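Chains as they are written, first to last, in the working numbering: chain A, 25 to 382; chain B, 9 to 554. By construction, the Cβ of each residue, glycine as well, lies at the ideal position given by its N, Cα and C atoms. Every value quoted in this text rests on a predicted model; they were computed, and no experiment measured them. Report on one structure; see the data block that follows.
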Amino acid sequence: MSAEGGAAVRERPAHIRLRHVTKRFGETLAVDDVSLDVAEGSFTTLLGPSGCGKTTTLRMVAGFHRPDAGDIFLRDVRVTDIPPHRRNTAMVFQEYALFPHMSVAENVGYGLRMRRVPDREARRRVAQVLELVGLSGQEQKFPHQLSGGQQQRVALARALIVEPEVLLLDEPLSNLDAKLRVRVRTEIRQLQQRLGKTTLYVTHDQEEALAISDQIAVMHNGRILQVGSPAEIYFHPANRFVADFVGLANFIEGEVVDAHHVHVNGLVVTVARPITREGRVTLVVRPEMVRLLPAGAAGQPALRGRIAATAFLGSLTRYWVTTDGSEWVVDVPAPGHETLHGEVALLLPSERIHVLTE
Amino acid sequence: MSPLAVLRWGEVRRQAADPGLALTFLGAAGVLVLFVLYPAFRVLLYPSLHDYLAIPQSLRWMQAAHNSLVMMVISTLSATFVGLLFAFATTRPDIPGRRFFRNIAMLPLFAPPFMVAFAYILMFGRLGLITHTLLGMTANIFGWHGLWMVQTVAFFPLAMLIITGVLEAANPSLEHAARNLGADEWSVLRTITLALARPGIAGAMLVVAISVLADFGNAVVIAGGFPLLATEAWFRMEGMGDLKGAALVVAMLLVPTVALFLLERYWVSRRAYTTITGRGSRIERPPTPPLLKGLVVALCALVSVLILLVYFGVVAGAFTAVWGRDWSLTLSHWRLAQDRIWTLWTSVKIGAIAGVMTGVVGVVVAFLTSRSLPLRNFLDFLAVLPGALPGVFVGVGFVLAFNATPLGGTLWILATALAFWHLPMGYQAAAARLKQIERSIEEAAVNLGASGLRVLWDVYVPLLFRALVEAFAVSFIRAVTNVSIVIFLISPGQVVATFVILNMIQNNIWGAAGALTTMLLLLTFASIGLTWLLVGRVVRTTAVAG
Chain A
25 MSAEGGAAVR ERPAHIRLRH VTKRFGETLA VDDVSLDVAE GSFTTLLGPS
75 GCGKTTTLRM VAGFHRPDAG DIFLRDVRVT DIPPHRRNTA MVFQEYALFP
125 HMSVAENVGY GLRMRRVPDR EARRRVAQVL ELVGLSGQEQ KFPHQLSGGQ
175 QQRVALARAL IVEPEVLLLD EPLSNLDAKL RVRVRTEIRQ LQQRLGKTTL
225 YVTHDQEEAL AISDQIAVMH NGRILQVGSP AEIYFHPANR FVADFVGLAN
275 FIEGEVVDAH HVHVNGLVVT VARPITREGR VTLVVRPEMV RLLPAGAAGQ
325 PALRGRIAAT AFLGSLTRYW VTTDGSEWVV DVPAPGHETL HGEVALLLPS
375 ERIHVLTE
Chain B
9 MSPLAVLRWG EVRRQAADPG LALTFLGAAG VLVLFVLYPA FRVLLYPSLH
59 DYLAIPQSLR WMQAAHNSLV MMVISTLSAT FVGLLFAFAT TRPDIPGRRF
109 FRNIAMLPLF APPFMVAFAY ILMFGRLGLI THTLLGMTAN IFGWHGLWMV
159 QTVAFFPLAM LIITGVLEAA NPSLEHAARN LGADEWSVLR TITLALARPG
209 IAGAMLVVAI SVLADFGNAV VIAGGFPLLA TEAWFRMEGM GDLKGAALVV
259 AMLLVPTVAL FLLERYWVSR RAYTTITGRG SRIERPPTPP LLKGLVVALC
309 ALVSVLILLV YFGVVAGAFT AVWGRDWSLT LSHWRLAQDR IWTLWTSVKI
359 GAIAGVMTGV VGVVVAFLTS RSLPLRNFLD FLAVLPGALP GVFVGVGFVL
409 AFNATPLGGT LWILATALAF WHLPMGYQAA AARLKQIERS IEEAAVNLGA
459 SGLRVLWDVY VPLLFRALVE AFAVSFIRAV TNVSIVIFLI SPGQVVATFV
509 ILNMIQNNIW GAAGALTTML LLLTFASIGL TWLLVGRVVR TTAVAG
């Protein structure tokens, strides 16, 4: 859903710029020399495990933390020293932070009240934005009378109504159940594209990040490890951590033969992108890239393996295959009733194999 | 028969198969009816309907009722305001001296109920250290204005504890969300922080209002000729032997206290905004606006001085030759106090008996109401009801109910009255602790063959040890410092220290009164220290903000 047009969006001028931003909490280095450009109108996701510094980075953009070093710019304005209530960086909080003592209308209208918008206009805009998020008619309810999904929309409406310069979202879906999460993330993405709002989004869910983003920055231990489109992150991870964190991966050790060939377990594998390194390298092969055939049916050079375990997962069947010297996870999509047993051959399509450069 | 009724009946039969538990239940219910409900009904039924209908004709009673309500309103407002101020100061990390303010504010909670008034006579009275000696004024502190100041200082800590609890429970993300939407610090304070604390402030006002209405100790010392319901009951009985009048007055007092109590328990306490403590507490809060900060610190410092003066005055009084005239140091008051030290021993005996009773009854009743027994809500109601009863009401109730029985004139009538008046504290502490204990621990014991009572003894008593010790300590401390109940139940052979002190204050024997009060304070703080050693935390002598 996001790959098309993503490249164009990412080439627009930067709207949020972080330059060598560092933040410590006592002894812990929460964010370590982070630089990032978020293009005008793009949807950029900070992705990483808990404690990686993604939320702290987001909060520095909102102004809740002041960086210990480095600077943050919105367009060309340096905002590092501007207090949060003077930045127009509306945020959707993970636990929504809806004001429990205010109705839906009062919650949504709060930002307008703080901006001294006249009552009549405020009422009109509240009605407008509630319609936008599909909550018309719920104005007088209180947060505790709403479902989790509705609360989430109120939080979103409350952020959107102030027409923020950039929209910040801190794991906004983590309190929803799995089905709703998928639906709401689609809605958020559609809304963001319709409004063309520059958005910075934080999540630890790699699937969510891949589905929703124009650009992903993978973070670990306070650092950004890789910035790229979802496809780049998935197919060409910069290092082992990124490859492992985003999706499932087989890490296969091999010996470089030349720029396009690697020696793996007695088989020479062809690689599409030229290899710039020599000696031992690690190949990343996603489980769904491998083709699995009954032994002897390959008709071309293939790795020989033996199926150790099988799991039927509905839309695919997952096999754990032991080859000479390594363990593989292989996903075979849309399986029929037959499953493979015993000796098998593994085919590795050259255009999909990625060689780690670190 | 409805399925529900069948279910209930089945439950009764199931429980009846455990005769020990059933007997305990009946015993506990009987004891509560006898010592909580029965004295209350004795009071309410003692005057005839005709007597009740004649109340509006009695100018003095209407005056007392009016005064009590006025004091309730003004003292509640001022105490809640000061409480809010302290709660705000102690929950802001950037207020200088916030820990100091918090500790100081706890001091009035440990003072005997007449002590603030006594100290302010020493400080601001006709011969007051500040008014007379330092400022050379002729001041009259007796009356409504003196009582107002005293009740504000005495009861604001209750408000502080409740409001602090609410402010601390507020999710910090809400404030951050407000800032994120453009609110400056004053707006955050007005629209979020204080708005969220509204139910807590309302709850604090109700609790303070009950305390003000029922305040006997301070009123009897400092109200002078200003008639109030709480003191009127005692004047009726002591001066005129008018039991019926006393019963009528405390019955009048009961109406507003019970109403406030029910309002607090069944309305305000349920309206608290449940806030989920989420992550995000790591976000540093922006500094408090300097103007607000200065104002809060200045006012808190002023009140802190007023509190320190309470303790300073009483202790200094015990070592001063003639207060207001001869400021030389002396130990002579301690010799007079020593003559009366046996009354302190009586107080300790009564306090110990009351403490054991409160602890045991509290734990047993809490255990019973945690079972799915029929009538458990009734039992729960009886165990918290004393919290709504003014001390003078309980005092008159026990006089009417038990003075003519063998209990009358013994230590036991005093200890029993105090024990059951303090029951809500012991009961609620134990009930709260029980809720934290996993039901599966008990199920494991039952699964291995333990009976209902065996479960209480083997599983809960060891786990409830802390609640038991705390219930004992709270009941003990409040018993040895009580005046509102003991004043009605005292007999010549069983004089307690507080009664003697009160008499000394009223007869201007301030030095010895200061010495005995100092000893009472030492006893109180020793008990708090001992409890702290046993259970590892400072026990609270109030039922609020558990």
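**Asked** Along the chain, where does the alpha helix (DSSP H) that runs through T489 of chain B open and close?
**Response** Taking the first residue of the second sequence as 1, we reach residue 489 of chain B at position 481. It spans 473 to 489 - the alpha helix (DSSP H) in which T489 of chain B sits, taken as one unbroken run.
**Nearest neighbour of D61 of chain A, chosen from A:L70, A:I299, A:H228, A:V55 [CA to CA]** = Along the first sequence, read from residue 1 onward, the residue named residue 61 of chain A stands at position 37. Residue A:L70 is the option with its Cα nearest to D61 of chain A.
**Request:** Return no unless some Cβ of chain B is closer than 9 Å to the Cβ of M138 of chain A.
**Result:** Walking along the first sequence from the start, residue 138 of chain A turns up at place 114. True, the Cβ-Cβ gap to chain B drops below 9 Å.
**Prompt:** Under 9 Å between C-beta atoms, does A121 of chain A make it to chain B?
**Reply:** Looking up residue 121 of chain A in the first sequence gives position 97. A121 of chain A counts as touching chain B.
**Message:** For the beta strand (DSSP E) containing H44 of chain A, name the first residue and the last one.
**Reply:** Working through the first sequence from its first residue, we reach residue 44 of chain A at position 20. According to the DSSP assignment, H44 of chain A belongs to the beta strand (DSSP E) that extends over 38 to 49.
**Prompt:** Helix, strand or coil: which one does DSSP assign to P101 of chain B?
**Reply:** Position 93 of the second sequence, counting from 1, holds the residue named residue 101 of chain B. Coil.
**Item:** Beta-bridge pairing of I63 of chain B - partner residues as DSSP gives them
**Value:** Locating residue 63 of chain B in the second sequence gives position 55, where the first residue counts as 1. Partner(s): none; I63 of chain B has no beta bridge.
**Message:** I need the boundaries of the alpha helix (DSSP H) containing G329 of chain A, first residue and last residue.
**Reply:** For the purposes of this step, residue 329 of chain A is taken as the residue at position 305 of the first sequence. Premise fails: G329 of chain A lies in the beta strand (DSSP E), 327 to 336, not in any alpha helix (DSSP H).
**Rounded C-alpha distance that separates D59 of chain B from V258 of chain B** = The residue given as residue 59 of chain B occupies position 51 in the second sequence. The residue given as residue 258 of chain B occupies position 250 in the second sequence. In this structure, the CA atom of D59 of chain B is about 13 Å from the CA atom of V258 of chain B.
**Message:** Counting only Cβ-Cβ distances shorter than 7 Å, please list the residues of the stretch 269 to 288 of chain A near chain B, keeping chain order.
**Reply:** Cβ contacts with chain B come from no residue of the stretch 269 to 288 of chain A.
**Item:** Delimiting residues of the beta strand (DSSP E) encompassing I4 of chain A
**Value:** Only positions 25 to 382 of chain A appear in the structure, and residue 4 of chain A is not among them; the question remains open.
**Request:** Look up Y120 of chain A in the DSSP assignment and say whether it is helix, strand or coil.
**Result:** Residue mapping note: residue 120 of chain A aligns to position 96 of the first sequence, counting from 1. Three-state result, Y120 of chain A: coil.
**Prompt:** Nearest to V266 of chain B by alpha carbon, out of B:E450, B:A396, B:W540?
**Reply:** Residue numbering aside, residue 266 of chain B sits at position 258 when the second sequence is read from its first letter. The residue among B:E450, B:A396, B:W540 with its C-alpha nearest the C-alpha of V266 of chain B is B:A396.
**Request:** Check the Cβ-Cβ distances between N188 of chain B and every residue of chain A, and say whether any is below 9 Å.
**Result:** Along the second sequence, one-based indexing puts residue 188 of chain B at 180. Judged by the 9 Å Cβ criterion, N188 of chain B is in contact with chain A.
**Item:** DSSP three-state assignment for L249 of chain A, whether helix, strand or coil
**Value:** The residue labelled residue 249 of chain A in the question sits at position 225 within the first sequence. In the structure shown, L249 of chain A sits in a strand (DSSP, three-state: E or B).
**Request:** Measure the alpha-carbon distance for L442 of chain B versus S459 of chain B and round it to whole angstroms.
**Result:** Working through the second sequence from its first residue, we reach residue 442 of chain B at position 434. Working through the second sequence from its first residue, we reach residue 459 of chain B at position 451. Roughly 18 Å between the two C-alpha positions.
**Request:** Output yes or no for whether 9 Å exceeds the beta carbon distance between V190 of chain A and L200 of chain A.
**Result:** Position 166 of the first sequence, counted from the first residue, corresponds to residue 190 of chain A. Position 176 of the first sequence, counted from the first residue, corresponds to residue 200 of chain A. Using a Cβ distance threshold of 9 Å, V190 of chain A and L200 of chain A do not count as a contacting pair.
**Prompt:** Using 9 Å as the limit for Cβ to Cβ distance, is P294 of chain B near chain A?
**Reply:** The residue labelled residue 294 of chain B in the question sits at position 286 within the second sequence. The beta-carbon of P294 of chain B is placed less than 9 Å from the nearest beta-carbon of chain A.
**Request:** Out of A:R177, A:V379, A:M126, state which residue places its alpha-carbon closest to the alpha-carbon of A262 of chain A.
**Result:** Counted from its first residue, the first sequence places residue 262 of chain A at position 238. The option with the nearest alpha carbon to A262 of chain A is A:V379.
**Message:** What ranges does the alpha helix (DSSP H) occupy inside the stretch 118 to 168 of chain B, keeping only unbroken runs of at least 4 residues that lie completely in it?
**Reply:** Correct list: 123 to 132.
**Prompt:** Which class does A191 of chain B belong to by DSSP, given the choice of helix, strand or coil?
**Reply:** Along the second sequence, read from residue 1 onward, the residue named residue 191 of chain B stands at position 183. Assignment of A191 of chain B by DSSP, reduced to helix, strand and coil, places it in the coil class.
**Prompt:** Exposed or buried, which one is V463 of chain B when buried takes at least 16 other CB atoms within 10 Å?
**Reply:** Your numbering for residue 463 of chain B matches position 455 in the second sequence. Under this definition V463 of chain B is a buried residue.
**Request:** Identify every residue that forms a DSSP beta bridge with L193 of chain A.
**Result:** Taking the first residue of the first sequence as 1, we reach residue 193 of chain A at position 169. BP columns for L193 of chain A point to A:V116, A:Y225.
**Request:** Round the Cβ separation of D56 of chain A and G290 of chain A to the nearest angstrom and send it over; I've been treating them as touching at under 8 Å.
**Result:** The residue labelled residue 56 of chain A in the question sits at position 32 within the first sequence. The residue labelled residue 290 of chain A in the question sits at position 266 within the first sequence. A Cβ-Cβ separation of about 42 Å leaves D56 of chain A out of contact with G290 of chain A under the 8 Å criterion.
**Item:** One or two residues paired with S350 of chain A in a DSSP bridge
**Value:** Taking the first sequence and counting its residues from 1, one reaches residue 350 of chain A at position 326. BP columns for S350 of chain A point to A:T347.
**Prompt:** In terms of alpha-carbon separation, which member of B:F410, B:G233, B:A222 lies closest to M260 of chain B?
**Reply:** By 1-based counting over the second sequence, the position of residue 260 of chain B is 252. Minimum Cα distance to M260 of chain B is reached at B:A222.
**Prompt:** Going along the chain, which residues of its own chain have a beta-carbon closer than 7 Å to the beta-carbon of A553 of chain B, five neighbours each way excluded?
**Reply:** The residue given as residue 553 of chain B occupies position 545 in the second sequence. Unreliable positioning characterises A553 of chain B in this predicted model, as indicated by a pLDDT of 28, which lies under 50. The coordinate reading is nonetheless provided below. L169, I170, G173.
**Message:** Going by C-alpha to C-alpha distance, which of B:M527, B:G332, B:F428, B:G370 sits closest to G144 of chain B?
**Reply:** Reading the second sequence from its first residue, position 136 is the one you call residue 144 of chain B. The shortest C-alpha to C-alpha distance from G144 of chain B to any of B:M527, B:G332, B:F428, B:G370 is the one to B:G332.
**Prompt:** Exposed or buried, I377 of chain A, counting other C-beta atoms within 10 Å across all chains shown (16 or more means buried)?
**Reply:** Within the first sequence, numbered from 1, the residue matching residue 377 of chain A stands at position 353. Residue environment for I377 of chain A: buried (at least 16 other C-beta atoms within 10 angstroms of its C-beta).
**Request:** Step through the CB atoms of chain A and report whether any lies within less than 9 Å of the CB of H430 of chain B.
**Result:** By 1-based counting over the second sequence, the position of residue 430 of chain B is 422. It does not: the Cβ of H430 of chain B has no partner Cβ on chain A nearer than 9 Å.
**Prompt:** Got a sec, what are the start and stop residues for the beta strand (DSSP E) A93 of chain A sits in?
**Reply:** On the first sequence, residue 93 of chain A is found 69 positions in, with the first residue counted as 1. Counting along the chain, the unbroken beta strand (DSSP E) around A93 of chain A starts and ends at 93 to 98.
**Neighbour flag for I200 of chain B against chain A, beta carbons, 9 Å** = Taking the second sequence and counting its residues from 1, one reaches residue 200 of chain B at position 192. Using a Cβ-Cβ cut-off of 9 Å, I200 of chain B counts as an interface residue toward chain A, since at least one Cβ of chain A sits closer than that to its own.
**Asked** Where does H430 of chain B fall in DSSP's three states?
**Response** Counting from one through the second sequence, the residue named residue 430 of chain B turns up at place 422. Correct three-state label for H430 of chain B: coil.
**Message:** Using a Cβ-Cβ cutoff of less than 6 Å, which residues in the same chain neighbour E240 of chain B once the five nearest sequence positions on both sides are dropped?
**Reply:** As a first step, residue 240 of chain B is located in the second sequence; it is residue number 232 there, counting from the start. Take E240 of chain B, set aside five residues on each side of it, and the residues of its chain with a beta-carbon closer than 6 Å to its own are A72, V257, in chain order.
**Prompt:** Taking just the CA atoms, how far does V276 of chain B sit from P207 of chain B?
**Reply:** The residue given as residue 207 of chain B occupies position 199 in the second sequence. The residue given as residue 276 of chain B occupies position 268 in the second sequence. Our two residues, P207 of chain B and V276 of chain B, have alpha carbons roughly 6 Å apart in a direct line.
**Asked** Does any residue of chain A bring its CB to less than 9 Å from the CB of H184 of chain B?
**Response** In the second sequence, counting from the first residue as 1, residue 184 of chain B sits at position 176. Under the Cβ criterion of 9 Å, H184 of chain B is counted among the residues facing chain A.
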